[in-house]
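Sequences listed follow chains A and F, in order. The first sequence runs -5 to 343 under the working numbering. The second sequence runs -5 to 343 under the working numbering. Notes for the one structure printed next.
Number of protein chains: 2
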Amino acid sequence: MPMKPRVYNFCAGPAMVPPEVLDALRADLCDWQGLGRSVLEVSHRTEAYRALQAKAIANLRTLLGLGDDYEILLLQGGASGQFAMLPYNFLRAGTAADYVVRGYWGEKAARQAARVGTVHTLREPADWTPGAVYAHVTTNETIAGTRLPEIFPLPKAPLCADMSSDILAAPRDYRRYALFYAGAQKNLGVAGLAVIAAQHDFLSQARRNLPAAFCYLEHAHADGLYHTPNAFAVDALCHVTDWLLREGPQNVWERNARKAERLYAELDASSFWRPLAPKAERSLTNVTFRLPTAALEEAFLAQAEERGLVALRGHRALGGIRASLYNALPEAAVEALIAFMRDFARVNA
Amino acid sequence: MPMKPRVYNFCAGPAMVPPEVLDALRADLCDWQGLGRSVLEVSHRTEAYRALQAKAIANLRTLLGLGDDYEILLLQGGASGQFAMLPYNFLRAGTAADYVVRGYWGEKAARQAARVGTVHTLREPADWTPGAVYAHVTTNETIAGTRLPEIFPLPKAPLCADMSSDILAAPRDYRRYALFYAGAQKNLGVAGLAVIAAQHDFLSQARRNLPAAFCYLEHAHADGLYHTPNAFAVDALCHVTDWLLREGPQNVWERNARKAERLYAELDASSFWRPLAPKAERSLTNVTFRLPTAALEEAFLAQAEERGLVALRGHRALGGIRASLYNALPEAAVEALIAFMRDFARVNA
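Structure below.
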């Protein structure tokens, strides 16, 4: 089969990976670090693997601006695994947690927690319940394409967050959070891994004596090696964070801001496009909009695909179009999308 | 850095991957199925991913000899995740489970279950407790290098097994088991994935309303797509099972039997070598032995490494030497090891 030219991939996740990272991963499937075998075939008990994991975590610590008062864990199971682990570790009988629910993912997190204990759901990150054992927010909702305000009144309870779809996509004071997590397959590499950062003080209050695979303290105690890690995803995380550091996070964040601004400006310039998120809540990473008719949307998606602009279909719950603009999506992809939108509107508006 | 020639890797896991599979995985990091992006960058909601997962499961069904009365799930978290999930799903208050403990991994599985409910540990897979809700065995112990007899009196309770280190390494009647699981990084591909096979009848008795990430029935209900799967590991599983089918499982199993027989014969031929496992319990996949002194063992490991025979160090709990002979390890590796052992014994015996 002839190689197809690389497309611009607007998928909400698993998302585009920087081409440099794909090159590095391919090389690591040959001879990793001169060991005569691939990164897939090296024991996690070796110095080589431990150094890889330590580097990935050090990179994250730098990028997130976290000190040694935070534990960083790289666990399997993605953010959905954390929907279960967080309440299982902190939501004891007789306690309750606050969950801010403003979309699909916040609601999903709250529903999982409600299978473990008592959950109060709130619409605004302000009306915190006194005595909550923790408070949970979702910083960005991929389906509706909305984001939480960056600044809101802090709860008295430790603040926890699902940041899967906007971690390291913009400047943020991560130290406001006692614990946060993100699946890696949007901004941090590939599927099969969750990054969890937690203040030691908060973590020390977690339950002990849980089955080890579900227990934060067991994973922390074992330096993240309680069980065989997903070394390939850790390697990808290391390459992606190396790439972010090389590019300069400030440059990446400015680029992300330009990408979103240009696309929203295009959507606002003609009534042909119907952006879905309220202006004040517009997501930086997931831009959602509709066209006048479903038939036009299908034509739009098909013609975009022909131009190498792929995975633009909105989530089935909402329909329409969704362009995800994570870190690895180049500005040229947004330029190509806008050029196509203009052509399409000229013919169809 | 110049590429090092590929070594013979006797690692107990993550283990060697067939070179053909590594080649295929590298290609899949370029343009996967003509989609203009890598396998890492394709949504799990696409037809392409669903077809990949369906093929991996169909291959497993063929190789394991299982019909549609078994559900096959591909979940993150490896076998250690299953140590937690199995009791969490089946070990209700007021019930108890039997765990056969004959080594490190059996003990670890039992200890995790004991954090969830009542566990009876047995030494022999015979003295089953009446009324157990399930009975659990570990078919092969990687650290001691021992295996369970293939045939033993079946319990009345549904039989469950950790088969991480010998799944598809030899013929087996998998239909004796109500549920079995294996981490993929020894015989089935790469780390970050567990294969779980379970009879529908048994599975239907599992708990509901658990947090979904921990709940077998939720994963089954979502066709294994409750959350973003580790697509790379599923792709590796598909390539490894394709490779097994091409090689012919019978041929692979005969090769495995020859590999183990030849190595044990070499160990039995001279008192210089001190095989660790009782003869009747010798593992097919993990051959453990000691040399007369710790200094000789260090010299053995260093010289083996120079000959490109790597990861032969025994587990730290036991010391000595361990040669793991999983499916992807070629017979030539065992021949090279034996040739080296003869040279080493000639000089040092």
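For every residue, glycine included, the Cβ atom is placed at its ideal position computed from N, Cα and C.
- [ ] For A:Q70, decide whether its Cβ has a neighbour in chain F, counting only Cβ atoms nearer than 8 Å.
- [x] Taking the first residue of the first sequence as 1, we reach residue 70 of chain A at position 76. Residue contact with chain F for A:Q70: present (Cβ-Cβ distance below 8 Å to some residue of chain F).
- [ ] Return the first residue and the last residue of the alpha helix (DSSP H) that F:Y43 is part of.
- [x] Translated into the one-based positions of the second sequence, residue 43 of chain F becomes position 49. Residue range E41 to L58 is occupied by the alpha helix (DSSP H) that includes F:Y43.
- [ ] State the Cα-Cα distance for the pair A:K273 and A:L153, rounded to the nearest angstrom.
- [x] Residue 273 of chain A sits at position 279 when you count from the first residue of the first sequence. Residue 153 of chain A sits at position 159 when you count from the first residue of the first sequence. Each residue's alpha carbon lies about 26 Å from the other.
Open item on the list: Within 10 Å of its beta-carbon, does A:Q76 have 16 or more other beta-carbons around it, so buried, or fewer, so exposed?
Closed with: Against the first sequence, residue 76 of chain A aligns to sequence position 82. Buried, since its Cβ has 16 or more Cβ neighbours within 10 Å.
- [ ] Have a look at F:N181 and F:R166 and give me their C-alpha separation to the nearest angstrom.
- [x] Position 187 of the second sequence holds residue 181 of chain F. Position 172 of the second sequence holds residue 166 of chain F. One C-alpha to the other measures close to 15 Å.
Open item on the list: Is there a Cβ of chain A sitting closer than 8 Å to that of F:L16, yes or no?
Closed with: Position 22 of the second sequence, counted from the start, is the residue given in the question as residue 16 of chain F. Yes, because at least one Cβ of chain A sits closer than 8 Å to the Cβ of F:L16.
Open item on the list: Assuming contact is defined by CB atoms lying nearer than 8 Å, are F:V131 and F:V94 in contact in what I supplied?
Closed with: To locate residue 131 of chain F, count along the second sequence from 1; it is residue 137. To locate residue 94 of chain F, count along the second sequence from 1; it is residue 100. Cβ distance < 8 Å, so F:V131 and F:V94 count as in contact.
Open item on the list: Is it buried or exposed, F:T287, if we count other Cβ atoms within 10 angstroms and call 16 or more buried?
Closed with: Locating residue 287 of chain F in the second sequence gives position 293, where the first residue counts as 1. Flag for F:T287 reads exposed.
Open item on the list: I want to verify the contact list: residues of chain F whose CB lies under 9 Å from the CB of A:P324, in sequence order.
Closed with: Here the question's residue 324 of chain A lines up with position 330 in the first sequence. Per Cβ cutoff of 9 Å: no residues; A:P324 is ~14 Å from chain F at best.
Task: Same chain, Cβ closer than 7 Å to F:A317, neighbours up to 5 away in sequence not counted - done: If you number the second sequence from 1, residue 317 of chain F lands on position 323. Within the same chain, F:A317 has close Cβ partners F4, L257, V281, L306 and L331.
TODO: Check the Cβ-Cβ distances between A:K(-2) and every residue of chain F, and say whether any is below 8 Å.
DONE: Mapped onto the first sequence, residue -2 of chain A falls at position 4. Yes, A:K(-2) lies at the interface with chain F (some Cβ there is under 8 Å from its Cβ).
Task: chain F contacts from the segment 102 to 136 of chain A (Cβ-Cβ distance under 9 Å) - done: K102, R105, Q106, A107, R109 and V110
TODO: Throw me the rounded Cβ distance for the A:G111 and A:A129 pair, which I believe falls under 8 Å.
DONE: Translated into the one-based positions of the first sequence, residue 111 of chain A becomes position 117. Translated into the one-based positions of the first sequence, residue 129 of chain A becomes position 135. With a Cβ gap of about 14 Å, A:G111 and A:A129 do not count as contacting.
Task: Pairwise C-alpha distance: A:V11 and F:L85 - done: Residue mapping note: residue 85 of chain F aligns to position 91 of the second sequence, counting from 1. Residue mapping note: residue 11 of chain A aligns to position 17 of the first sequence, counting from 1. Cα to Cα, the separation comes out at about 42 Å.
Task: CB contact below 8 Å: F:S74 versus chain A - done: As a working note, residue 74 of chain F is residue 80 in the second sequence. Yes, contact with chain A.
TODO: Have a look at A:D236 and A:N53 and give me their C-alpha separation to the nearest angstrom.
DONE: Counting from one through the first sequence, the residue named residue 236 of chain A turns up at place 242. Counting from one through the first sequence, the residue named residue 53 of chain A turns up at place 59. Computed Cα separation, rounded: 7 Å.
- [ ] Starting from F:C232, trace the alpha helix (DSSP H) both ways and give me its first and last residue.
- [x] Looking up residue 232 of chain F in the second sequence gives position 238. Segment A225 to E241, the alpha helix (DSSP H) holding F:C232.
Open item on the list: At the level of alpha carbons, what is the spacing between A:K(-2) and F:G28?
Closed with: Taking the first residue of the first sequence as position 1, residue -2 of chain A is located at position 4. Taking the first residue of the second sequence as position 1, residue 28 of chain F is located at position 34. Roughly 6 Å separates the two Cα atoms.
Task: Coil, strand or helix - F:F146 by DSSP - done: The sequence position of residue 146 of chain F within the second sequence is 152, counting from 1. The answer is coil: DSSP assigns F:F146 none of H, G, I, E or B.
Task: Closer than 7 Å at the beta carbon, the chain F residues around A:H213 - done: Stepping through the first sequence from its first residue, residue 213 of chain A is reached at position 219. Ordered by position in chain F, no residue passes the 7 Å Cβ test against A:H213, which lies about 10 Å from the chain.
Open item on the list: With a threshold of 8 Å between beta-carbons, can F:N321 be considered close to chain A, or not?
Closed with: Reading the second sequence from its first residue, position 327 is the one you call residue 321 of chain F. Judged by the 8 Å Cβ criterion, F:N321 is not in contact with chain A.
TODO: Please check if any C-beta of chain A sits within less than 8 Å of the C-beta of F:D25.
DONE: In the second sequence, the residue the question calls residue 25 of chain F occupies position 31. For F:D25, the answer is yes, since a Cβ of chain A falls inside 8 Å of its Cβ.
Task: Status (buried if at least 16 other CB within 10 Å, exposed otherwise) for F:V33 - done: Translated into positions along the second sequence, residue 33 of chain F becomes position 39. Note on F:V33: 16 or more other CB atoms within 10 angstroms of its CB, so buried under the neighbour-count rule.
Open item on the list: For a quick check, are the C-beta atoms of A:G345 and A:A230 less than 8 Å apart?
Closed with: The question about residue 345 of chain A has no answer, for chain A in this structure spans -5 to 343.
TODO: Would you check whether the ligand FAD has a heavy atom nearer than 7 Å to the C-beta of F:M10?
DONE: For the ligand FAD, the structure offers nothing, since it holds no ligand at all.
Open item on the list: On a Cα-Cα basis, can you pick out the residue from A:G177, A:A200 and A:Q199 that is closest to A:I190?
Closed with: Position 196 of the first sequence, counted from the first residue, corresponds to residue 190 of chain A. For A:I190, the nearest C-alpha among the options comes from A:G177.
Open item on the list: Rounding to the nearest angstrom, what Cα-Cα distance links A:I315 and A:E292 in this structure?
Closed with: Walking along the first sequence from the start, residue 315 of chain A turns up at place 321. Walking along the first sequence from the start, residue 292 of chain A turns up at place 298. Each residue's Cα considered, the two are about 10 Å apart.
Open item on the list: The alpha helix (DSSP H) that contains F:Q297, what's its start and end?
Closed with: For this step, residue 297 of chain F is matched to residue 303 along the second sequence. A288 to E300 is the extent of the alpha helix (DSSP H) around F:Q297.
Open item on the list: Going by C-alpha to C-alpha distance, which of F:R39, F:R96, F:H194 and F:Y82 sits closest to F:A108?
Closed with: Numbered from 1 along the second sequence, position 114 holds the residue referred to as residue 108 of chain F. If we check each option's Cα against that of F:A108, F:Y82 comes out closest.
Open item on the list: What does DSSP give as the partner residue(s) for A:N134 in the beta ladder?
Closed with: Translated into positions along the first sequence, residue 134 of chain A becomes position 140. In the DSSP secondary-structure assignment, A:N134 is bridged to A:R141.
Task: Bridge partners - F:T222, DSSP secondary structure assignment - done: Residue 222 of chain F sits at position 228 when you count from the first residue of the second sequence. Paired residues: none, contrary to the question.
Task: CA-to-CA distance, A:P143 to A:T279, given in whole angstroms - done: By 1-based counting over the first sequence, the position of residue 279 of chain A is 285. By 1-based counting over the first sequence, the position of residue 143 of chain A is 149. A:T279 and A:P143: Cα-Cα distance of roughly 14 Å.
- [ ] Could you pull out every residue in the same chain whose Cβ sits closer than 6 Å to the Cβ of A:L23, ignoring the five residues on either side in sequence?
- [x] Here residue 23 of chain A corresponds to residue number 29 of the first sequence, with the count starting at 1. S32.
Task: Within 8 Å, strictly: CB atoms of F:A188 and F:L69 - done: Within the second sequence, numbered from 1, the residue matching residue 188 of chain F stands at position 194. Within the second sequence, numbered from 1, the residue matching residue 69 of chain F stands at position 75. Yes. Within cutoff.
Task: 8 Å Cβ cutoff, F:P205 in contact with chain A - done: Sequence index remark: in the second sequence, residue 205 of chain F carries index 211 (1-based). Yes, because at least one Cβ of chain A sits closer than 8 Å to the Cβ of F:P205.
TODO: Enumerate in chain order the residues of its own chain whose CB-to-CB distance from A:A200 is below 8 Å, with the five nearest sequence positions on each side excluded.
DONE: Walking along the first sequence from the start, residue 200 of chain A turns up at place 206. Closer than 8 Å at Cβ, skipping near neighbours: N83, F84, C209, Y210 and L211.
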